[in-house]
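2 protein chains.
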Amino acid sequence: MEKLQVDNALIKQFRSWFSHNDTVALREQLVQMYPPDIAAVIDRLDTDEARQVMNALAKEIVVKVLVEMEEQGRENFLSTFTPYDIANEFIENMDSDDAAYVLNHFPNAVKEEIISQLQDIEYASSLLNLISYEDETAGSLMAVELVKAYQNWTVAQCIEEIRLQAENVESIYIVYVTDEMERLVGLITLKNLILAQPSSNIADVYNKEVISVSTSTKIDEVANITKKYDLVVLPVVDPLGRLVGKITVDDVVDLIKEEADEDYQLMSGITEDVDSTDKVWVLSRARLPWLLIGLLGGIASSRILGMYEGQIMIHPEMAFFIPLIAAMGGNVGVQSSAIVVQGLANDTLGTRNIGQKILKEIRVALVNGIICSALILAYNLSVNHAYELAITVSIALITVIIFAAVFGTFIPMFLSRLKIDPAIATGPFITTSNDLLGIVIYFSIGRLLYNTL
Amino acid sequence: MEKLQVDNALIKQFRSWFSHNDTVALREQLVQMYPPDIAAVIDRLDTDEARQVMNALAKEIVVKVLVEMEEQGRENFLSTFTPYDIANEFIENMDSDDAAYVLNHFPNAVKEEIISQLQDIEYASSLLNLISYEDETAGSLMAVELVKAYQNWTVAQCIEEIRLQAENVESIYIVYVTDEMERLVGLITLKNLILAQPSSNIADVYNKEVISVSTSTKIDEVANITKKYDLVVLPVVDPLGRLVGKITVDDVVDLIKEEADEDYQLMSGITEDVDSTDKVWVLSRARLPWLLIGLLGGIASSRILGMYEGQIMIHPEMAFFIPLIAAMGGNVGVQSSAIVVQGLANDTLGTRNIGQKILKEIRVALVNGIICSALILAYNLSVNHAYELAITVSIALITVIIFAAVFGTFIPMFLSRLKIDPAIATGPFITTSNDLLGIVIYFSIGRLLYNTL
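Protein chains in written order, with my numbering: chain Z, 22 to 474; chain H, 22 to 474.
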């Protein structure tokens, strides 16, 4: 079995098998592929072709492919089945976290209809429970499949339990240990289980150092904990401390990547989670909100500049440096806000208060402001020989840089205190407000200096 | 043992123990803490205080804390030891990947001096090997500690091997199977090992579906593979297919987070990996390059605008919309480039060619350009009643939006073809070049229209 590049040649190959009805060759190719690669192929086929691939797959592979597919394709595929079939052909054969994930893409009524059709009542009840957890919490991410051992068991009993659960729980690295009330008290790795004597008591060999989260823990904390303590599985307990599920590191990896992609897009002025293969109108809609904010900012700028029309007519050279002042304010603001937003997300801000943080940003801004202002002063004096303009631009620039730094630091910290995602305050928001601020500062200083000098 | 918040109160508590020489209380606290939390405390203490904490820790905990500490603190701590002690007290007790990581922060000569002092010659030779791999490759990230079984072994022999390696290899989830030439042929999970009969042959129970990378595989591919195939450990083979190491998912998690943070910072115009607790001059230096680029862009803008001085004097109202045109060009450019850069990084761009991708961006830009231009037209006609200005601004805006989209799409794709990290072309670079482009378009159209209308 080979991991392979899903490229145009492979898709062409698949299409030639469809047109020749060559199911033998199709199956031969498919058994050599991993489910994520099959899903990547299906994502590039149309609905009919996708069904032909699915029909050629073993049942246990179909559910794995379904979970890896893009949402639209999965919806198209499942839409041809009855709720009963969706429940007992597909959902039934998925791990509970995957099942909850797939179910959560259906409207509430459909979701419950599908679950109610499940033959396995116990599983249905677990799923009902899982889909009831709030979004973005550990409960909504966890799987209920896990192997647990009671404190008073022997190692042999624990191994027997693994044997019983083997089919149900695909990957087992760690067995969690609970007391008779199902409360999590520790863990034992499979490595230590293998090394222990079968007759040993679990109580004597298990590790009491167990890190867990509660069902209501936010997923960014789940990610931070998994990363910090290098975990492969993270157990989830209910408010009474009872073990109710586990979160595996592969889901945390996906989570971290998704959050990072979202922050990156927010920073660049894109509001929805999109990728470059999405439709034109989806891509347009995701970008429009920030463009409209930029438009409003531009209109506001034009009105402010309108108030200085007389000044611009007398000193048109002042207009020349509008882009410089606006751009530098925007750049500094984005830099400062990025550092703060990242610090907040990674919990590396320390516990210093907002005041100290802003003071430090002012010092950084002062250093860079002095350097930039000195350079532009030298340029203007030597090239333009315009004394008033040179001084106006330099004083305005350093002022704008400091204000932008304060603003870029303060706004995300303020939003975070209000429990609003500070990431929305980066990118276009900071740029637009600093554009405005910069122009006001620049022309106020200009009016003052031209009248004084 | 509790995961705990490392806050001011805890640091204060530590300092009071130091001042009262209360090593009993200090030790009591420390045994209840995980190494990453101890490292977080040490990162906030001065060098002397850090040493007091280290002295209170068991040897095997010290090395774990060392690996988790910030670079500066680790350097300060290690600098008081001789190469011999660094080698045999610390490096010797680390996993090889951690040891290579710590060693790679020393200058080359020091690195080799430390390794040459190691008593364990075999380990020294492994480390020499590890530090020789190129940066950013699987070889530089892997650990050599792993459990492998030969194809012709029995399950019992394999379990005996785990017992022998138990102390050497901390976490074992998977045993890799090789042929007699050490070539990787498959794997067996500890779960399946437990479930198999001790007398079974490994050849009959191992899984031939094994995904591996080579020592020269780039780390972003390592990250993509681990994420795509939901792996917990990824085996690394040499060019002859021989198993030489493994990469664990916790390192991949760190990798993904670091790459994401770096891209985020690049996007926001910060060139080095910094965080908000760094020193003022480090923060200033990391930001200055992009500010200087912005400054150059601003100067270039001023020269272009200088060429239109006459036009600005006659129509000062044209200057009012300079910020709007510049900001919108910048925003659209950043949006387009972000989508492309992300698509390239995640390998989700598909195999469509640059031409198709740019055509799609033009369609997205057209939709948003028409909406924004229509809005600003309506505003200018109804509020400013300035016919020429209204038409100039709207035509310039839609032109700038389309150019910015093309530019923002093309540049990162072009850089990627040249094997240059496309992420450097986002943020300030795109903003600055689109500012310039926007002004040229705006005033060219303005000159044309004012003369014609």
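We put the beta carbon where it would ideally sit given N, CA and C, even for glycine.
Residue j beta carbon less than 8 Å from that of residue i
{"i": "residue 211 of chain Z", "j": "residue 194 of chain Z", "result": "yes"}
{"i": "residue 277 of chain H", "j": "residue 361 of chain Z", "result": "no"}
{"i": "residue 428 of chain Z", "j": "residue 389 of chain Z", "result": "no"}
{"i": "residue 235 of chain Z", "j": "residue 258 of chain Z", "result": "yes"}
{"i": "residue 356 of chain Z", "j": "residue 445 of chain H", "result": "no"}
{"i": "residue 152 of chain Z", "j": "residue 121 of chain Z", "result": "yes"}
{"i": "residue 348 of chain H", "j": "residue 319 of chain Z", "result": "yes"}
{"i": "residue 426 of chain H", "j": "residue 366 of chain H", "result": "no"}
{"i": "residue 252 of chain Z", "j": "residue 231 of chain Z", "result": "no"}
{"i": "residue 110 of chain H", "j": "residue 102 of chain H", "result": "yes"}
{"i": "residue 48 of chain Z", "j": "residue 30 of chain Z", "result": "no"}
{"i": "residue 113 of chain H", "j": "residue 141 of chain H", "result": "yes"}
{"i": "residue 65 of chain Z", "j": "residue 107 of chain Z", "result": "no"}
{"i": "residue 430 of chain Z", "j": "residue 382 of chain Z", "result": "yes"}
{"i": "residue 124 of chain Z", "j": "residue 268 of chain Z", "result": "no"}
{"i": "residue 159 of chain Z", "j": "residue 240 of chain Z", "result": "yes"}
{"i": "residue 145 of chain H", "j": "residue 136 of chain H", "result": "yes"}
{"i": "residue 363 of chain H", "j": "residue 227 of chain Z", "result": "no"}
{"i": "residue 81 of chain Z", "j": "residue 39 of chain Z", "result": "no"}
{"i": "residue 413 of chain Z", "j": "residue 287 of chain Z", "result": "no"}
Rounded C-alpha distance that separates residue i from residue j
{"i": "residue 164 of chain H", "j": "residue 157 of chain H", "result": "14 Å"}
{"i": "residue 169 of chain H", "j": "residue 249 of chain Z", "result": "28 Å"}
{"i": "residue 105 of chain Z", "j": "residue 116 of chain Z", "result": "18 Å"}
{"i": "residue 28 of chain Z", "j": "residue 208 of chain H", "result": "28 Å"}
{"i": "residue 470 of chain Z", "j": "residue 331 of chain Z", "result": "15 Å"}
{"i": "residue 155 of chain Z", "j": "residue 178 of chain Z", "result": "36 Å"}
{"i": "residue 202 of chain H", "j": "residue 139 of chain H", "result": "29 Å"}
{"i": "residue 272 of chain Z", "j": "residue 46 of chain Z", "result": "34 Å"}
{"i": "residue 449 of chain Z", "j": "residue 283 of chain Z", "result": "15 Å"}
{"i": "residue 345 of chain Z", "j": "residue 264 of chain H", "result": "56 Å"}
{"i": "residue 289 of chain Z", "j": "residue 393 of chain H", "result": "18 Å"}
{"i": "residue 34 of chain Z", "j": "residue 26 of chain Z", "result": "13 Å"}
{"i": "residue 461 of chain H", "j": "residue 424 of chain H", "result": "12 Å"}
{"i": "residue 242 of chain Z", "j": "residue 254 of chain Z", "result": "14 Å"}
{"i": "residue 8 of chain H", "j": "residue 384 of chain H", "result": "Chain H is shown only over 22 to 474; residue 8 of chain H falls outside these bounds and no answer can be derived."}
{"i": "residue 191 of chain Z", "j": "residue 56 of chain Z", "result": "15 Å"}
{"i": "residue 119 of chain H", "j": "residue 150 of chain H", "result": "14 Å"}
{"i": "residue 79 of chain H", "j": "residue 44 of chain H", "result": "13 Å"}
Residue i burial status per 10 Å Cβ neighbour count (16 or more: buried)
{"i": "residue 408 of chain H", "result": "exposed"}
{"i": "residue 96 of chain Z", "result": "exposed"}
{"i": "residue 359 of chain Z", "result": "buried"}
{"i": "residue 37 of chain H", "result": "exposed"}
{"i": "residue 128 of chain Z", "result": "exposed"}
{"i": "residue 166 of chain H", "result": "buried"}
{"i": "residue 473 of chain H", "result": "exposed"}
{"i": "residue 94 of chain Z", "result": "buried"}
{"i": "residue 376 of chain H", "result": "exposed"}
{"i": "residue 343 of chain H", "result": "buried"}
{"i": "residue 441 of chain H", "result": "exposed"}
{"i": "residue 435 of chain Z", "result": "exposed"}
{"i": "residue 308 of chain H", "result": "buried"}
{"i": "residue 52 of chain H", "result": "exposed"}
{"i": "residue 457 of chain Z", "result": "buried"}
{"i": "residue 22 of chain H", "result": "Unreliable placement is indicated for residue 22 of chain H, whose pLDDT of 44 sits below 50; the coordinate value is still reported in the next sentence. Classification for residue 22 of chain H: exposed."}
{"i": "residue 68 of chain Z", "result": "exposed"}
{"i": "residue 410 of chain H", "result": "buried"}
Q: Count the CB pairs spanning the segment 416-423 of chain H and the segment 452-466 of chain H that are closer than 8 Å, and state whether there are at least three.
A: Short answer: they touch.
Q | Stretch-stretch touch, CB-based, cutoff 8 Å, three pairs: the segment 169-179 of chain H with the segment 218-236 of chain H | A | yes
Q: Report yes or no: do three or more beta-carbon pairs, one from the segment 300-315 of chain H and one from the segment 343-353 of chain Z, lie closer than 8 Å?
A: yes
Q: Would you be able to state if there are at least three C-beta pairs under 8 Å between the segment 59-66 of chain Z and the segment 78-96 of chain Z?
A: yes
Q: Write down every uninterrupted run of the alpha helix (DSSP H) in the segment 270-297 of chain Z whose length is 4 residues or greater and which is fully enclosed by it, in chain order.
A: Counting whole runs of 4 or more residues, the segment 270-297 of chain Z contains the alpha helix (DSSP H) stretches 270-288.
Q.
Three Cβ pairs or more, each shorter than 8 Å: is that satisfied between the segment 337-344 of chain H and the segment 325-340 of chain Z?
A. yes
Q.
In chain order, what are the residue ranges of uninterrupted alpha helix (DSSP H) at least 4 long that sit wholly in the segment 357-409 of chain H?
A. Here the runs fully enclosed are 375-400.
Q) Quick one: complete alpha helix (DSSP H) runs, 4+ long, within the segment 44-127 of chain H? A) Runs of the alpha helix (DSSP H) inside the segment 44-127 of chain H: 44-52, 56-63, 68-76, 80-89, 92-99, 117-124.
Q) Curious, which full-length alpha helix (DSSP H) runs of at least 4 residues does the segment 165-246 of chain H contain? A) 176-186, 211-216, 223-226
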